[in-house]
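S.K.: Here my numbering runs 342 ahead of the position in the sequence shown, where the first position is 1.
Just passing along the structure, written as structure tokens.
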Amino acid sequence: MKRIVIAAMCGLLIAAPCRSQSKPALVTVTNPMQVSRPGETVEVRLRDLTPITGESAGAGFVVTVRGSASPLISQVSGGELLFQHDFAPGERREFIVKAGTAAGPQEVSRVAGMFVLPREDYAWENDRIAYRMYGPALASELNNGIDVWTKRVRTLVVAKWYGEAAGASPGQDPYHHDRGEGADFFDVGRSLGAGGCALWEGGRVHQPGVFSTWETIAGGPLRTEFELTYNAVEVGGVKFTERVRIALDAGENLNRVSVTFDAPAGGEELRVACGLVKRPGTVAASDSVLGWMSLWGATNADPVNGSLGTGIVFPRSAFLRFADDSIHCLLIARAREGKTFTYYAGAGWTRSGDFASGADWNAYLARKAALIASPLAVSCSPLE
């Protein structure tokens, strides 16, 4: 397996001209919807910000609400400055951004992502839930499905759980039992799990197997992001290579999943399938107008472990139809060779305290679909 050096962490260096004097910028953020947006992630493009501040991202930034001296937690990643704030219906808020580093102790990250040896998993989490993808060590047993680790604590647990499992016998990992923090109850097998994606051709899903290479893009404190590449799979006489970039923000249950299918020709229209693995006793729901689908039901055979929902929020412009096969509920969508197709997928658990019922989970998906379709409006200007 090819090992890839970490490309960037929070505080990513972005090439930009440095000037001798730093100037504050005024970032104006407007909620275009008449609904509240608690803990929403604000994305400010550095190409809009740094011409005003006169500094590169390497200097870091301090973000405050206008009229307040208390800095917000922020992160520079992928050409953007990220921070989070609550927005009332239709609210317009102003933030001041200055180059530099906030004084005081470092904030504890609310997200984490890691490649784990010797298992060769890639696992990631935030303060709500955790996920993993399997790598070459389990190539004969698994595929490219997204696995779910349910949590009922707001702290980060993935590194701890892997550490506790280091001396366990194969198949006896202790994190399969809830000892107060949650557990890995989800059976992903060779399925697409909680929102994996593959090519759809000839009325069936063509999965590529487990990932072959990995790259960490961002490590917190607000967003973890990474990219996985899969070995080529032949579909319809053409070899396709799948690249998947996944980002998870603090406070969210859904991953942003950006998939690209590379092929020699490039530009041809494709059919892709995003799937949720069926579990005993689950109930499916969907809305093609708002753009979401879900499964809800018992987490496993033990009723003490509550209920689990999985779901996908998808771009309505790409939607073709819903389908299913023997193991999945599927969303069939259009994409193009070499072009990125982005959707959102994840899970929610009753014992986390965030979802009491299937109705709660479906309402969360519907709300997220509406918010994604009407993003925050962000603008930058010099502070007068």
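Glycine included, every Cβ here is placed at the ideal spot set by N, Cα and C.
All values reported here derive from a predicted model rather than from experimental measurement.
Taking the DSSP output, what are the residues bridged to GLU436?
M.R.: Residue 436 sits at position 94 when you count from the first residue of the sequence shown. Beta-bridge pairing links GLU436 to THR370.
S.K.: Find the nearest neighbour of ALA660 within the set GLY653, SER533, PRO550 and THR684, judged by alpha-carbon distance.
M.R.: Start at 1 with the first residue of the sequence shown, and residue 660 comes out as number 318. Considering only alpha carbons, the answer is THR684.
S.K.: Can you give me the start and stop residues for the beta strand (DSSP E) that LYS493 sits inside?
M.R.: The count along the sequence shown starts at 1 and reaches residue 493 at position 151. Taken as a continuous stretch (DSSP letters only), the beta strand (DSSP E) holding LYS493 covers 489-493.
S.K.: Under three-state DSSP, which class holds ALA525?
M.R.: Against the sequence shown, residue 525 aligns to sequence position 183. Three-state DSSP puts ALA525 in a strand.
S.K.: Check the DSSP bridge columns for GLY690 and list the partner residues they point to.
M.R.: As a working note, residue 690 is residue 348 in the sequence shown. Bridge partners of GLY690: GLY651.
S.K.: Just curious, the alpha helix (DSSP H) that VAL499 is in, first and last residue?
M.R.: By 1-based counting over the sequence shown, the position of residue 499 is 157. Per DSSP, VAL499 belongs to no alpha helix (DSSP H) and is neither H nor E.
S.K.: Going by C-alpha distance, which of ARG663, LYS365, PRO366 and THR370 is nearest SER721?
M.R.: For the purposes of this step, residue 721 is taken as the residue at position 379 of the sequence shown. Of the listed residues, the one whose Cα sits closest to SER721 is THR370.
S.K.: Please list, in chain order, all residues of the same chain as ALA411 whose beta carbon is under 6 angstroms from its beta carbon, the five residues on each side excluded.
M.R.: Here residue 411 refers to the residue found at position 69 when the sequence shown is read from its first residue. Excluding positions up to five away in sequence, the list is empty.
S.K.: Bridge partners of GLU567, per DSSP?
M.R.: For the purposes of this step, residue 567 is identified with residue 225 of the sequence shown, where counting begins at 1. In the DSSP output, where bridge partners are listed per residue, GLU567 has ALA560 and ALA589.
S.K.: Let me make sure I understand the geometry here. Which of LEU564, LEU570, PHE437 and THR443 has the alpha-carbon closest to that of PHE457?
M.R.: Taking the sequence shown and counting its residues from 1, one reaches residue 457 at position 115. Answer by Cα proximity: LEU570.
S.K.: For SER533, which three-state DSSP category applies?
M.R.: In the sequence shown, the residue the question calls residue 533 occupies position 191. Reduced to three states, the DSSP call for SER533 is coil.
S.K.: Measuring only the C-alpha atoms, how far is ARG361 from GLY396?
M.R.: As a position in the sequence shown, residue 361 is number 19, starting the count at 1. As a position in the sequence shown, residue 396 is number 54, starting the count at 1. Caution is warranted here: a pLDDT of 39 is assigned to ARG361, below 50, making its placement in the model unreliable, and no coordinate value can be reported.
S.K.: Name the two residues that bound the continuous alpha helix (DSSP H) containing ARG709.
M.R.: Walking along the sequence shown from the start, residue 709 turns up at place 367. From DSSP, the alpha helix (DSSP H) with ARG709 extends over 700-715.
S.K.: For the alpha helix (DSSP H) holding ILE394, just list the boundary residues, first then last.
M.R.: Your numbering for residue 394 matches position 52 in the sequence shown. Where ILE394 is concerned, the enclosing alpha helix (DSSP H) stretches over 388-395.
S.K.: Name the two residues that bound the continuous beta strand (DSSP E) containing PRO516.
M.R.: Looking up residue 516 in the sequence shown gives position 174. Neither: PRO516 is in no beta strand (DSSP E) and is coded neither H nor E.
S.K.: Could you pull out every residue in the same chain whose Cβ sits closer than 6 angstroms to the Cβ of ARG598, ignoring the five residues on either side in sequence?
M.R.: Numbered from 1 along the sequence shown, position 256 holds the residue referred to as residue 598. The answer, listed in chain order, is ALA589 and TYR686.
S.K.: With DSSP run on the structure shown, which of helix, strand or coil describes LEU672?
M.R.: Mapped onto the sequence shown, residue 672 falls at position 330. It is a strand residue.
S.K.: Given that a residue counts as buried once 16 or more other Cβ atoms are within 10 Å of its Cβ, and exposed if not, what is GLN514?
M.R.: Walking along the sequence shown from the start, residue 514 turns up at place 172. Counting Cβ neighbours within 10 Å, GLN514 comes out exposed, since fewer than 16 surround it.
S.K.: Under 8 angstroms by Cβ, that's how I've got ILE438 and LEU391 pegged, so tell me the actual separation to the nearest angstrom.
M.R.: Counted from its first residue, the sequence shown places residue 438 at position 96. Counted from its first residue, the sequence shown places residue 391 at position 49. That pair is no contact at about 12 angstroms.
S.K.: In the DSSP output, which residue or residues are listed as bridge partners for PRO724?
M.R.: On the sequence shown, residue 724 is found 382 positions in, with the first residue counted as 1. Looking at the DSSP assignment, PRO724 forms a beta bridge with ALA367.
S.K.: Let me confirm a value: HIS670 is counted as buried when at least 16 other C-beta atoms fall within 10 Å, else exposed. Which label applies?
M.R.: Here residue 670 is taken as the residue at index 328 of the sequence shown, counted from 1. It is buried - the Cβ of HIS670 has at least 16 other Cβ atoms within 10 Å.
S.K.: Pull up the CB-CB distance for VAL490 and ALA536, whole angstroms please, since I reckon it's below 8 angstroms.
M.R.: Locating residue 490 in the sequence shown gives position 148, counting from the first residue. Locating residue 536 in the sequence shown gives position 194, counting from the first residue. VAL490 to ALA536, Cβ: 5 angstroms. Contact.
S.K.: Mapping DSSP to helix, strand and coil, what is GLU576?
M.R.: Start at 1 with the first residue of the sequence shown, and residue 576 comes out as number 234. Of the three classes helix, strand and coil, the one that applies to GLU576 here is strand, per DSSP.
S.K.: Counting C-beta neighbours from all protein chains within 10 Å, is the total for ALA701 16 or more, i.e. buried, or is it exposed?
M.R.: For this step, residue 701 is matched to residue 359 along the sequence shown. Exposed, because fewer than 16 other Cβ atoms sit within 10 Å of the Cβ of ALA701.
S.K.: Can you tell me whether DSSP reads SER636 as helix, strand or coil?
M.R.: What you label residue 636 is simply residue 294 of the sequence shown in a count that begins at 1. Here SER636 sits in strand by DSSP.
S.K.: Please state if the CB of ALA627 and the CB of SER636 are separated by a distance shorter than 8 angstroms.
M.R.: The residue given as residue 636 occupies position 294 in the sequence shown. The residue given as residue 627 occupies position 285 in the sequence shown. Result yes, Cβ atoms of SER636 and ALA627 sit closer than 8 angstroms.
S.K.: Roughly how many angstroms lie between the CA atoms of PHE656 and ALA507, to the nearest whole one?
M.R.: The sequence position of residue 656 within the sequence shown is 314, counting from 1. The sequence position of residue 507 within the sequence shown is 165, counting from 1. Taking the straight line from one Cα to the other gives about 35 angstroms.
S.K.: In whole angstroms, what separates the C-alpha of ILE488 from that of THR641?
M.R.: Counting from one through the sequence shown, the residue named residue 488 turns up at place 146. Counting from one through the sequence shown, the residue named residue 641 turns up at place 299. Rounded to the nearest angstrom, the two C-alpha atoms are 16 angstroms apart.
S.K.: What does THR684 pair with, by DSSP beta-bridge criteria?
M.R.: Taking the sequence shown and counting its residues from 1, one reaches residue 684 at position 342. Looking at the DSSP assignment, THR684 forms a beta bridge with SER600.
S.K.: Thinking just about the alpha-carbon of each residue, which of GLU679, ILE674, GLY551 and SER716 is nearest to the one in GLY609?
M.R.: Translated into the one-based positions of the sequence shown, residue 609 becomes position 267. The option with the nearest alpha carbon to GLY609 is GLU679.
S.K.: With DSSP collapsed to three states, give me the class of SER451.
M.R.: Locating residue 451 in the sequence shown gives position 109, where the first residue counts as 1. Note: SER451 maps to coil in three-state DSSP.
S.K.: The beta strand (DSSP E) with PHE661 in it runs from where to where?
M.R.: Within the sequence shown, numbered from 1, the residue matching residue 661 stands at position 319. That run of the beta strand (DSSP E) goes 661-666.
S.K.: For the pair the segment 538-545 and the segment 495-504, tell me if three or more CB-CB distances fall below 8 angstroms.
M.R.: They do not touch, by the three-pair rule.
S.K.: With PHE656 as the anchor, note down where its beta strand (DSSP E) starts and where it stops.
M.R.: Your numbering for residue 656 matches position 314 in the sequence shown. Where PHE656 is concerned, there is no enclosing beta strand (DSSP E), given that its DSSP letter is neither H nor E.
S.K.: Just how far apart, CA to CA, sit PHE527 and ARG663?
M.R.: Stepping through the sequence shown from its first residue, residue 527 is reached at position 185. Stepping through the sequence shown from its first residue, residue 663 is reached at position 321. Near 30 angstroms, if we compare the C-alpha coordinates of ARG663 and PHE527.
S.K.: Given ILE348, which residues of its chain have a CB within under 7 angstroms of its CB, disregarding the five upstream and five downstream residues?
M.R.: As a working mapping, residue 348 is identified with position 6 in the sequence shown. Below a pLDDT of 50, predicted positions are generally treated as unreliable, and ILE348, at 37, falls in that range; the measurement from the model is reported next regardless. Around ILE348: THR558.
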